[in-house]
Amino acid sequence: MSFRIGLIRGDGIGPEIVTEAKKVLDKIASVYGHQFTYQELLLGGACIDATGEPITKETIEGAKASDAVLMGSIGGDAATSPWYKLEPEKRPEAGLLGIRKALGLFANLRPAVLYPELAGACPLKEELTEGGFDMLIMRELTGGLYFGERHTGVENGLRTAVDTLTYNEEEIRRIAVKGFEIARKRRNHVTSVDKANVLDSSRLWRSVVEEVHKDYPDVELSHMLVDNCAMQLVRDPKQFDVILTENMFGDILSDEASMVTGSIGMLASASLNDTSFGLYEPSHGSAPDIAGQDKANPIATILSAAMLLRYSLNLQKEADAVEEAVQKVLTEGYRTGDIMSTGCTLVGTKEMGDIITERINL
Ligand code: IPM
Ligand code: MG
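To get the numbering used here, take the position in the sequence shown, counting from 1, and add 1024.
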């Protein structure tokens, strides 16, 4: 079959890791007889350098014309990069928020998995993680504080800043449906995370999630307050299957969950709307400190490409093949610096991409 894939190489280590993931996609195309055509799209810092804006009409139109978009990470070092001298709405992150909103990518899936081979990198005590864990954070991505009205000014003679957190029931319902649907394909458990003891938006969240749950009686639902969830993630990560939560809580909890796996360089993500289109990117940032040095771990981006095959192109066995190749390479002991441990073979970004590509065969 033929598919159109948009490529956003991004900033920092982005271009290096996207190159490796594209290699893997090309190998999948040749082994399974597909045709992938790529369109390069600009976003974030690279887009600012080329056009003065973090996102353009061409980026949005190019993404809309694609079956899916694969993205590296965007952004730079806020202390030193000239991008951060610009107004907030002209900075790289505004491009990322812009593409999420323009394409209606309201569902952000962030799996956090402890690979048995990498258990040594997990900062938690062994008895807490024995047997591994496998959770998925379903984060609402186009509402809440990120997109509410905001302003900064002077009130009563004091500098005052206001951000607003708004959700309507439809925004909550559609992400809850996604959460329950994915739980059915996993271990049938949703933990909905909110701050219903304080926030109105969380009380609405909780009641809409309960309404949606009536259509999924086979899925177990529990509610958890966000502060407790932050604690439970380090106390007993094995209890979680799907964590369903709003935008800001999901941003924070997904960083925590990835740290608990000990291998943020391994974690993929997908941002989906109501069509089969999706934007796929690693969960980690652009790591400008190691950019261009062949040190970055390309596995999160390669696993994001696997999610792209699975969710947007509906190529299940091809997605399995990529995930199995990654698993094989870990079992064989190849490691980039971030996941290195004694007795393993240290490889760079390019070599890691090459070895994974080689392991994909019929
Ligand atoms: C993420 C990032 C973004 C977010 C930033 C870069 C705007 O932290 O994807 O988690 O907060 O959503
Ligand atoms: Mg984040």
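Ideal placement from N, C-alpha and C gives every residue a C-beta, glycine not left out.
Quick caveat, the model's predicted, so the values are computed rather than measured.
CA nearest to the CA of residue i, picked from the options
i	options	result
P1015	L1165, C1071, E1179	Outside the shown range of the chain, which is 1025 to 1386, sits residue 1015, and nothing can be said about it.
M1248	H1237, V1258, R1230, K1262	R1230
E1141	G1377, V1186, L1354, L1386	L1354
K1125	P1241, S1097, I1079, A1145	I1079
P1135	T1083, G1076, M1159	M1159
F1060	I1084, A1074, L1031	L1031
P1261	F1273, E1280, L1094, G1274	E1280
E1113	G1156, V1233, G1068	G1068
F1301	F1273, V1042, G1367, I1084	I1084
R1259	V1042, A1143, K1149, A1092	K1149
T1043	V1214, T1184, L1094, T1299	L1094
F1027	K1319, L1121, A1092	A1092
C1253	L1277, F1157, V1186, D1265	L1277
R1163	V1178, R1211, R1197, T1153	R1197
G1119	E1154, R1208, L1066	L1066
M1376	I1029, A1343, V1048	V1048
D1275	G1316, A1131, G1034	A1131
I1206	G1316, L1296, P1147	L1296
D1362	H1237, M1255, T1285	T1285
Y1240	E1356, R1227, L1223, N1212	N1212
S1090	G1144, Q1256, L1332	L1332
S1282	V1137, E1195, K1046	V1137
G1128	L1152, F1171, G1144	F1171
S1287	L1303, S1365, H1058, A1200	S1365
D1318	K1374, F1204, G1122	K1374
T1299	K1088, R1208, H1058, R1183	K1088
R1334	E1077, S1105, E1064, L1133	L1133
Unbroken alpha helix (DSSP H) run spanning residue i, endpoints
i	result
V1371	Careful: V1371 lies outside any alpha helix (DSSP H) and carries neither H nor E.
R1334	1323-1335
S1282	1271-1285
L1296	Not the alpha helix (DSSP H): L1296 falls in the beta strand (DSSP E), residues 1292-1296.
H1237	1224-1237
P1388	The shown model of the chain, from 1025 to 1386, leaves out residue 1388, and the question about it has no answer.
E1195	1193-1208
E1151	1150-1153
For residue i, the residue or residues it bridges with in DSSP
i	result
P1135	L1160
Q1340	Partner(s): none; Q1340 has no beta bridge.
L1268	M1162, S1216
V1178	R1183
G1302	L1296
L1211	Correcting the residue type first, residue 1211 is Arg in the shown sequence and not Leu. Its beta-bridge partners do not exist; DSSP assigns none.
R1259	Beta-bridge pairing links R1259 to no other residue.
Y1240	None, per the DSSP bridge assignment.
Y1358	T1369
Endpoints, beta strand (DSSP E) assigned at residue i
i	result
Q1063	1059-1064
F1027	1026-1032
L1182	1182-1187
M1248	1244-1249
L1386	Here L1386 belongs to no beta strand (DSSP E), and DSSP marks it neither H nor E.
Next on the checklist: Assess contact between the stretch 1373-1381 and the stretch 1348-1363, defined as three or more Cβ pairs (one per stretch) separated by less than 8 Å. Is contact present?
Outcome noted: yes
Checklist entry - Would you call the stretch 1292-1303 and the stretch 1318-1338 in contact, with 3 or more CB pairs under 8 Å? => result yes
Checklist entry - Do the stretch 1209-1228 and the stretch 1265-1273 make contact, defined as three or more Cβ pairs closer than 8 Å? => result Counting Cβ pairs under 8 Å, three or more are found: they touch.
Checklist entry - Per the contact definition of three or more C-beta pairs closer than 8 Å, is the stretch 1302-1322 in contact with the stretch 1033-1043? => result yes
Checklist entry - Using 8 Å as the Cβ pair cut-off and three pairs as the minimum, do the stretch 1236-1253 and the stretch 1184-1191 touch? => result Counting Cβ pairs under 8 Å, fewer than three are found: no touch.
Checklist entry - At what residue ranges does the stretch 1053-1113 contain a whole run of the alpha helix (DSSP H), taking only runs of 4 or more? => result 1069-1075, 1081-1088
Checklist entry - Within the chosen definition, does the stretch 1043-1052 reach the stretch 1330-1349 through at least 3 CB pairs nearer than 8 Å? => result yes
Item to check | Stretch pair the stretch 1093-1112 + the stretch 1154-1171: three plus CB contacts closer than 8 Å | outcome: Result no; under three Cβ-Cβ pairs closer than 8 Å.
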